[in-house]
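Single-structure report; data block below.
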Amino acid sequence: MDRSSVAAGVERYSRPQLAELSGVPARTIRYYHSLGVLPKPGRAGKEAVYTDEHLERLRAITAMQVRGLRLDAIREVFDGEGAPDGDWRAVFDPRLGDSADPGVTVDEQGLSELLGDRDGGLLDELIANGYLYRHGKSWRIPEPAMLTGALILYDLGTDIALSGTLRTLIRTRIAALADEMVQAFVDAAATSYGGDEVPIDLDRFRDRFRAAAREVGGATLAAEIERAARELDL
Numbered sequence: 001m002d003r004s005s006v007a008a009g010v011e012r013y014s015r016p017q018l019a020e021l022s023g024v025p026a027r028t029i030r031y032y033h034s035l036g037v038l039p040k041p042g043r044a045g046k047e048a049v050y051t052d053e054h055l056e057r058l059r060a061i062t063a064m065q066v067r068g069l070r071l072d073a074i075r076e077v078f079d080g081e082g083a084p085d086g087d088w089r090a091v092f093d094p095r096l097g098d099s100a101d102p103g104v105t106v107d108e109q110g111l112s113e114l115l116g117d118r119d120g121g122l123l124d125e126l127i128a129n130g131y132l133y134r135h136g137k138s139w140r141i142p143e144p145a146m147l148t149g150a151l152i153l154y155d156l157g158t159d160i161a162l163s164g165t166l167r168t169l170i171r172t173r174i175a176a177l178a179d180e181m182v183q184a185f186v187d188a189a190a191t192s193y194g195g196d197e198v199p200i201d202l203d204r205f206r207d208r209f210r211a212a213a214r215e216v217g218g219a220t221l222a223a224e225i226e227r228a229a230r231e232l233d234l
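When the letters of the sequence shown are read in order and numbered with my numbering, they come out as residues 1 to 234.
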């Protein structure tokens, strides 16, 4: 995009409009500029002008943060665009539609059925906390299981902001655990095979372990939450 101007016919937004559409505060948008994860805006006279390119980039950033990526890693994803197939960054890029992405897209009717007769202000809270976002004329849900959990907690009287905090906590801890598990596998593979077949083994590990991890990880987390709650009661 031309940084000095914006082509005629392109959808244009001011920074406050971009913040409202994306759910990302204007001050955070400026911060993203400084880190290089969001392109600089175009100009219309002295005014900063944003386009759908910026809106989609912000949604991609939010989706990757939901997956547990830090901003420096997100910048690497964008910097690696155009890299050969199989680049590790592709695993985390929600725009590529990778099979590892559990996200779903629903239309207005699907969203209405999902939210049911809950309070009308709930949708804004879910958007603000990254549970879903506009995707063209549809709605994108990056992590359906997390949204389902948030709605269950909401029905039990827990506000969405607290659910968002819990989701971030889960993501952060699980991301650290995943790093340790993959590293343990790499170390074991290197010891067993002299390192020659590590890339192949990692592919096998990822494909075969993914389904099992959802079952084992979910059951383990549920059991540990039950244990912690029981100990709190005691």
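Beta carbons: idealized from backbone N, C-alpha and C, even for Gly.
What you are looking at is a predicted structure, and each value in this text was computed from that prediction instead of being measured.
*asked:* I need the boundaries of the beta strand (DSSP E) containing Gly42, first residue and last residue.
replied: Looking up residue 42 in the sequence shown gives position 42. That run of the beta strand (DSSP E) goes Gly42 to Ala44.
*asked:* Pop quiz: Arg59 and Ser14 are said to be a contact at Cβ under 8 angstroms. What is the actual Cβ separation, rounded to whole angstroms?
replied: As a working note, residue 59 is residue 59 in the sequence shown. As a working note, residue 14 is residue 14 in the sequence shown. Contact flag wrong, Cβ pair sits at about 18 angstroms.
*asked:* Can you list, in chain order, the residues of its chain with a C-beta nearer than 6 angstroms to that of Asp52? Leave out the 5 residues immediately preceding and following it.
replied: Position 52 of the sequence shown, counting from 1, holds the residue named residue 52. Sequence-distant Cβ neighbours of Asp52 in its own chain, meaning closer than 6 angstroms and more than five residues away, are Glu11.
*Taking the Cβ atom as the reference point for each residue, do Tyr131 and Ala150 lie within a distance shorter than 8 angstroms?*
The residue you call residue 131 lines up with position 131 of the sequence shown. The residue you call residue 150 lines up with position 150 of the sequence shown. Contact annotation: Tyr131 and Ala150 have beta-carbon atoms nearer than 8 angstroms.
*Cα-Cα, which of Arg230, His54 and Val37 is closest to Arg70?*
For the purposes of this step, residue 70 is taken as the residue at position 70 of the sequence shown. Out of Arg230, His54 and Val37, Val37 has the C-alpha closest to the C-alpha of Arg70.
*Where does Ser14 sit, in a helix, a strand or coil, going by DSSP?*
Position 14 of the sequence shown, counted from the start, is the residue given in the question as residue 14. In this structure, Ser14 counts as coil in the three-state DSSP scheme.
*asked:* Taking 8 angstroms as the threshold (C-beta atoms), are Leu126 and Ile160 in contact?
replied: As a working mapping, residue 160 is identified with position 160 in the sequence shown. As a working mapping, residue 126 is identified with position 126 in the sequence shown. Yes, they are a contact pair.
_Nearest candidate by alpha-carbon position, reference Trp139, set Asp72, Leu123 and Ala145_ = Translated into the one-based positions of the sequence shown, residue 139 becomes position 139. The shortest C-alpha separation from Trp139 is found at Leu123.
*Note down, in chain order, each residue of its chain lying with its Cβ closer than 6 angstroms to the Cβ of Val24, except the 5 sequence neighbours on either side.*
Here residue 24 corresponds to residue number 24 of the sequence shown, with the count starting at 1. In its chain, beyond the 5 residues on either side, Leu58 have a beta carbon closer than 6 angstroms to the beta carbon of Val24.
_Could you compute how far the alpha carbon of Val49 sits from the alpha carbon of Phe78?_
Locating residue 49 in the sequence shown gives position 49, counting from the first residue. Locating residue 78 in the sequence shown gives position 78, counting from the first residue. Going by C-alpha positions, Val49 is about 21 angstroms away from Phe78.
_In DSSP terms, what Ala48 is bridged to_ = Within the sequence shown, the letter at position 48 stands for residue 48. DSSP output for Ala48 lists Arg43 as bridge partner(s).
_In this structure, how does DSSP classify Val37 when only helix, strand and coil are distinguished?_
Numbered from 1 along the sequence shown, position 37 holds the residue referred to as residue 37. Of the three classes helix, strand and coil, the one that applies to Val37 here is coil, per DSSP.
*Are Asn129 and Gly164 close, meaning C-beta to C-beta below 8 angstroms?*
One-based indexing of the sequence shown puts residue 129 at position 129. One-based indexing of the sequence shown puts residue 164 at position 164. Cβ atoms of Asn129 and Gly164: closer than 8 angstroms.
*Excluding sequence positions up to five away, which residues of its chain have a Cβ less than 7 angstroms from the Cβ of Ala228?*
In the sequence shown, the residue the question calls residue 228 occupies position 228. The answer is none, since no qualifying residue turns up.
*Given a cut-off of 8 angstroms, decide if Val106 and Ile141 are closer than it, judged by their beta-carbon atoms.*
Counting from 1 along the sequence shown, the entry for residue 141 is found at position 141. Counting from 1 along the sequence shown, the entry for residue 106 is found at position 106. Taking a C-beta distance under 8 angstroms as the contact criterion, Ile141 and Val106 qualify as a contact pair.
*Any idea if Leu35 is buried or exposed, counting beta-carbon neighbours within 10 angstroms, 16 or more meaning buried?*
Reading the sequence shown from its first residue, position 35 is the one you call residue 35. Leu35 is exposed by the Cβ-count criterion.
*Thr62 in three-state terms, based on DSSP*: On the sequence shown, residue 62 is found 62 positions in, with the first residue counted as 1. Helix.
_Out of Gly136, Asp187 and Leu221, which one is the CA nearest neighbour of Ile174?_
Residue mapping note: residue 174 aligns to position 174 of the sequence shown, counting from 1. The residue among Gly136, Asp187 and Leu221 with its C-alpha nearest the C-alpha of Ile174 is Leu221.
*Is Arg30 buried or exposed, if buried means 16 or more other CB atoms sit within 10 Å of its CB?*
Taking the first residue of the sequence shown as 1, we reach residue 30 at position 30. Residue environment analysis places Arg30 among the exposed positions, since fewer than 16 neighbouring C-beta atoms fall within 10 angstroms of its C-beta.
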